[in-house]
Amino acid sequence: MATKYRKGSHSVFSVRLHFVFVTHYRRKAITSPMLERIKEMFAQVCSTMDCELLECSGEADHVHLLVDFHPKQSISAVAGCLKSATSRMLKKEFPDEVKKWYRTQSFWSGSYYVASTGGAPIEKLKEYIKNQDQPRD
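Just so you know, full-length UniProt numbering puts 13 at position 13 of the sequence shown, and the rest follows in order with no gaps.
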């Protein structure tokens, strides 16, 4: 995938984040129809937050997302919106499946994993920064 740069009013950026959300108690609660709807909902939420869902997939107890992130947002705000919106939607659209596993708890675990991705390896970036021309006195 070629690096795609986006522009803000005073910035140019390319921030890719890998999120992992796990179901509460790691229960195998996600079915195939639920996963398809989760992907649609993640894309909608990302769009409203000036982010873009690049990839999404998962298993019965967790999902992985690759998000083209807009730096005007906070990572925790994006994660929170993604999790809360899909949790509400799943309880509303798949009540029987969700009630089988959860009565009062949230659908997603309270924690999440996130890492930045893409770009040059860290050692190359360190070398590039270290080798910048020094100011002359």
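For glycine and all other residues, C-beta sits at the position ideal for the given N, C-alpha and C. Keep in mind the model is a prediction, meaning the values are calculated, not measured.
Check	Outcome
Return the CA-CA distance between residue 62 and residue 50, expressed in angstroms with no decimal places.	24 Å
Short of 7 Å in beta carbon distance, which residues of its chain neighbour residue 39, apart from the five on each side in sequence? Order them along the chain.	56
With residue 105 and residue 24 assumed to form a contact (beta carbons below 8 Å), what rounded beta-carbon distance in angstroms separates them?	5 Å
Looking only at its own chain, which residues have a Cβ that is under 6 Å from the Cβ of residue 115, when we skip the five neighbours before and after it?	18
Output yes if chain B places a C-beta closer than 9 Å to the C-beta of residue 12; else output no.	Protein chains in the displayed structure number just one, and chain B is not present.
Do residue 54 and residue 66 have their C-beta atoms within less than 9 Å of each other?	yes
Going by DSSP, which residues form a beta bridge with residue 113?	20
Nearest to residue 32 by alpha carbon, out of 59, 133 and 120?	59
Does the distance from the C-beta atom of residue 112 to that of residue 22 stay below 9 Å?	yes
I'd like the ranges of any beta strand (DSSP E) spanning at least 3 consecutive residues and lying wholly in the UniProt domain "Transposase IS200-like" (12 to 132).	15 to 22, 52 to 59, 62 to 69 and 113 to 117
Determine the contact status of residue 80 and residue 3, defining contact as a CB-CB distance below 9 Å.	no
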